[in-house]
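A.B. asks:
Residue numbers (UniProt numbering): 1 to 483.
(1) So the alpha helix (DSSP H) residue 292 belongs to, where does it begin and stop?
(2) Only counting the same chain, and skipping five residues up and downstream in sequence, which positions put a Cβ closer than 6 Å to that of residue 269?
(3) Starting from residue 237, trace the alpha helix (DSSP H) in both directions and tell me its first and last residue.
(4) By the three-class DSSP mapping on this structure, what secondary structure does residue 199 have?
(5) Do residue 147 and residue 264 count as a contact pair if the criterion is CB distance below 7 Å?
(6) Under DSSP, the alpha helix (DSSP H) around residue 361 begins and ends at which residues?
(7) So, residue 274 versus residue 244, is the Cβ gap smaller than 7 Å?
(8) Could you check what DSSP says for residue 406 in three-state terms: helix, strand or coil?
(9) Taking just the CA atoms, how far does residue 246 sit from residue 154?
(10) Considering only C-alpha positions, which residue in the set 183, 250 and 444 is nearest to residue 137?
(11) Indicate the three-state DSSP secondary structure (helix, strand or coil) for residue 269 in the structure shown.
(12) Suppose you measure from the CA of residue 286 to the CA of residue 323; what does that come to, to the nearest Å?
(13) To the nearest angstrom, how far is it from the Cα of residue 208 to the Cα of residue 359?
(14) Alpha carbon to alpha carbon, how far is residue 223 from residue 20? Give it in angstroms, no decimals.
(15) Go through its chain and collect everything with a Cβ distance to residue 193's Cβ below 6 Å, but skip five positions before and after it.
(16) Taking the alpha-carbon positions, what's the residue 318 to residue 267 distance?
(17) Tell me, please, which residues DSSP counts as bridged to residue 194.
(18) Under a three-way DSSP split, which group does residue 315 fall into?
(19) Whose CA, out of 217, 177 and 241, lies closest to the CA of residue 152?
(20) Quick check on DSSP: helix, strand or coil for residue 165?
(21) Would you kindly report the start and end of the unbroken alpha helix (DSSP H) that includes residue 152?
(22) Please check the pair residue 306 and residue 434, which I expect to be a contact at CB under 8 Å, by giving their CB distance rounded to whole angstroms.
(23) Around the Cβ of residue 474, are there at least 16 other Cβ atoms within 10 angstroms (buried) or fewer (exposed)?
(24) Drop a sphere of 10 angstroms on the beta-carbon of residue 231, count the other beta-carbons inside from all chains shown, and report buried for 16 or more, exposed for fewer.
(25) Looking at the structure shown, is residue 174 part of a helix, part of a strand, or coil, going by DSSP?
(26) How big is the Cα-Cα spacing for residue 284 and residue 254?
(27) For residue 29, tell me which candidate among 357, 17 and 257 has the shortest Cα-Cα distance.
(28) Output the distance between the C-alpha atoms of residue 134 and residue 234, rounded to the nearest integer angstrom.
(29) Please confirm whether residue 325 and residue 365 have their CB atoms less than 7 Å apart.
(30) Buried or exposed for residue 179, going by 16 or more other Cβ atoms inside 10 Å?
(31) Alpha carbon to alpha carbon, what distance is there between residue 181 and residue 439?
(32) From residue 210 to residue 191, what does the alpha carbon distance come to, in whole angstroms?
Listed below in structure tokens is the structure:
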């Protein structure tokens, strides 16, 4: 058997080995030869690299002839040209020229498929790169897909931005680390800086590494949004891309996007009626609906977060309110020597049922300083004959007094407050609701822990979204033991 025949036979054997077509005995024999023969191992590596390249190409409909041709192409392309040129030498010029023409004619059918395969490989690779760039460009759109869905109504966003109190309703983002990555501003954290109205894109490995550094809960939310975006129809994706481009090219892109994000968060806490008025009305009617939404949101925030106040916060609020009431008693004596505050406190003390001696101060605060109508109605027979004349005239807690209560809050409760509202006036409104909740618990003689549903409702949005993606046992443990 000649050397070319041995090489061809080995090639067929190695190709069959790579395809897993050999019987166990033949496979063992090939592996034994590979251990002892360096040239055979090198040949196997060459064939493996060529075979891997073919996997990038589109999958054709295979038949026996096409498979055979492909094998011949791969093997022929790897064979050294010197082995072939040594086979056709002649001293006769005419014969040599004839052999060259025959050789060229024999190579032509092989060169054309190789050229087609190379072009197909290049086109496939180009499409893969294009798809990767498209996915990288879509990542910021996917992270704010809910905001851009709202942003299709430009007039709505403009009206929200025009509202005096709007920007103070909702605090920071639920995914600040992810927002820093996709920010168009030039910063060390941003992977999408914008320059000359063009957004630079990171490579896939850089983005993946940055996401690994993001806190787990934020990364879960980000991946959930990316999955939702990938499931959209292409037409829906294109609409979101167009909205994102309009926002980026607007006069105030950062402020506009932040407004859209805030509305998405606030929308979850509003009633269907208020949402319909905001999104369907225009002009003055819409502005009134926005104001109603802000009031409703603050009330909802105060009610829900108040259930999750820490025991330390309850004690500090109670102590501060009692001190504020005593301070009012010391400053309320008029020229006639009469002290209306002291008279009202005494009124509540006489109608109390014993127990904690501080309840009179708490009842006074609930009925006058906080003007909690629910509490007054709830007293029933305690106010038989009506309270003293000064009852309605007593001024409520002032802004300074509310700020004093806020300053006494533990850091964890203060962070919760700042997470939901950032405007000082709105924070005072929430603190007022918290004060009502704290005094109610003290008057009941208990600190009722929130139910699992209340615990879930009082969590920040990012924690709720993370729990929504968790198994039931993880959710229950988080709600009972805390995150």
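Beta carbons: idealized from backbone N, C-alpha and C, even for Gly.
C.D. replies: This is what the structure gives:
(1) Position 292 of the chain shown, counting from 1, holds the residue named residue 292. Looking at the DSSP string, the run of the alpha helix (DSSP H) that includes residue 292 is 283 to 306.
(2) Counting from one through the chain shown, the residue named residue 269 turns up at place 269. So the qualifying residues of the chain are 297 and 300.
(3) Along the chain shown, one-based indexing puts residue 237 at 237. Start and end: 234 to 248.
(4) Start at 1 with the first residue of the chain shown, and residue 199 comes out as number 199. Three-state DSSP puts residue 199 in a strand.
(5) As a first step, residue 264 must be located in the chain shown, where it is residue number 264. As a first step, residue 147 must be located in the chain shown, where it is residue number 147. Cβ distance < 7 Å, so residue 264 and residue 147 count as in contact.
(6) Residue 361 sits at position 361 when you count from the first residue of the chain shown. Counting along the chain, the alpha helix (DSSP H) containing residue 361 begins and ends at 359 to 364.
(7) Locating residue 274 in the chain shown gives position 274, counting from the first residue. Locating residue 244 in the chain shown gives position 244, counting from the first residue. Result no, Cβ atoms of residue 274 and residue 244 do not sit closer than 7 Å.
(8) For the purposes of this step, residue 406 is taken as the residue at position 406 of the chain shown. Helix, per DSSP.
(9) To locate residue 154, count along the chain shown from 1; it is residue 154. To locate residue 246, count along the chain shown from 1; it is residue 246. Roughly 10 Å between the two C-alpha positions.
(10) Sequence index remark: in the chain shown, residue 137 carries index 137 (1-based). Checking every option, the nearest Cα to that of residue 137 belongs to 183.
(11) By one-based count along the chain shown, residue 269 stands at place 269. It is coil, neither helix nor strand.
(12) The count along the chain shown starts at 1 and reaches residue 286 at position 286. The count along the chain shown starts at 1 and reaches residue 323 at position 323. Approximately 43 Å between the Cα atoms of the pair.
(13) One-based indexing of the chain shown puts residue 208 at position 208. One-based indexing of the chain shown puts residue 359 at position 359. If I take the Cα positions, the gap works out to 58 Å.
(14) To locate residue 20, count along the chain shown from 1; it is residue 20. To locate residue 223, count along the chain shown from 1; it is residue 223. If you take the alpha carbons of residue 20 and residue 223, they lie about 39 Å apart.
(15) Here residue 193 refers to the residue found at position 193 of the chain shown. Once the five neighbours on either side are set aside, the close Cβ partners of residue 193 are 186 and 200.
(16) Within the chain shown, the letter at position 318 stands for residue 318. Within the chain shown, the letter at position 267 stands for residue 267. If I take the Cα positions, the gap works out to 33 Å.
(17) Position 194 of the chain shown, counting from 1, holds the residue named residue 194. DSSP lists 199 as partners of residue 194.
(18) If you number the chain shown from 1, residue 315 lands on position 315. Residue 315 falls in the helix class under three-state DSSP.
(19) In the chain shown, residue 152 corresponds to position 152, counting from 1. Minimum Cα distance to residue 152 is reached at 241.
(20) Counted from its first residue, the chain shown places residue 165 at position 165. Three-state DSSP puts residue 165 in coil, outside helix and strand.
(21) Taking the chain shown and counting its residues from 1, the one referred to as residue 152 is at position 152. Looking at the DSSP string, residue 152 is not in any alpha helix (DSSP H), and its letter there is neither H nor E.
(22) Translated into positions along the chain shown, residue 306 becomes position 306. Translated into positions along the chain shown, residue 434 becomes position 434. Indeed they touch by this definition, with Cβ atoms about 5 Å apart.
(23) Indexing the chain shown from 1 puts residue 474 at position 474. Exposed, because fewer than 16 other Cβ atoms sit within 10 Å of the Cβ of residue 474.
(24) Taking the first residue of the chain shown as 1, we reach residue 231 at position 231. It is exposed - the Cβ of residue 231 has fewer than 16 other Cβ atoms within 10 Å.
(25) Within the chain shown, numbered from 1, the residue matching residue 174 stands at position 174. The answer is coil: DSSP assigns residue 174 none of H, G, I, E or B.
(26) For the purposes of this step, residue 284 is taken as residue 284 along the chain shown, with counting starting at 1. For the purposes of this step, residue 254 is taken as residue 254 along the chain shown, with counting starting at 1. For residue 284 and residue 254, the distance between alpha carbons rounds to 26 Å.
(27) Walking along the chain shown from the start, residue 29 turns up at place 29. With distances taken between Cα atoms, residue 29 lies closest to 17.
(28) Start at 1 with the first residue of the chain shown, and residue 134 comes out as number 134. Start at 1 with the first residue of the chain shown, and residue 234 comes out as number 234. Cα to Cα, residue 134 sits roughly 12 Å from residue 234.
(29) Here the question's residue 325 lines up with position 325 in the chain shown. Here the question's residue 365 lines up with position 365 in the chain shown. Yes, the pair counts as a contact, with Cβ atoms nearer than the cut-off.
(30) Start at 1 with the first residue of the chain shown, and residue 179 comes out as number 179. Under this definition residue 179 is a buried residue.
(31) Residue 439 sits at position 439 when you count from the first residue of the chain shown. Residue 181 sits at position 181 when you count from the first residue of the chain shown. One C-alpha to the other measures close to 44 Å.
(32) The count along the chain shown starts at 1 and reaches residue 210 at position 210. The count along the chain shown starts at 1 and reaches residue 191 at position 191. Cα to Cα, the separation comes out at about 9 Å.
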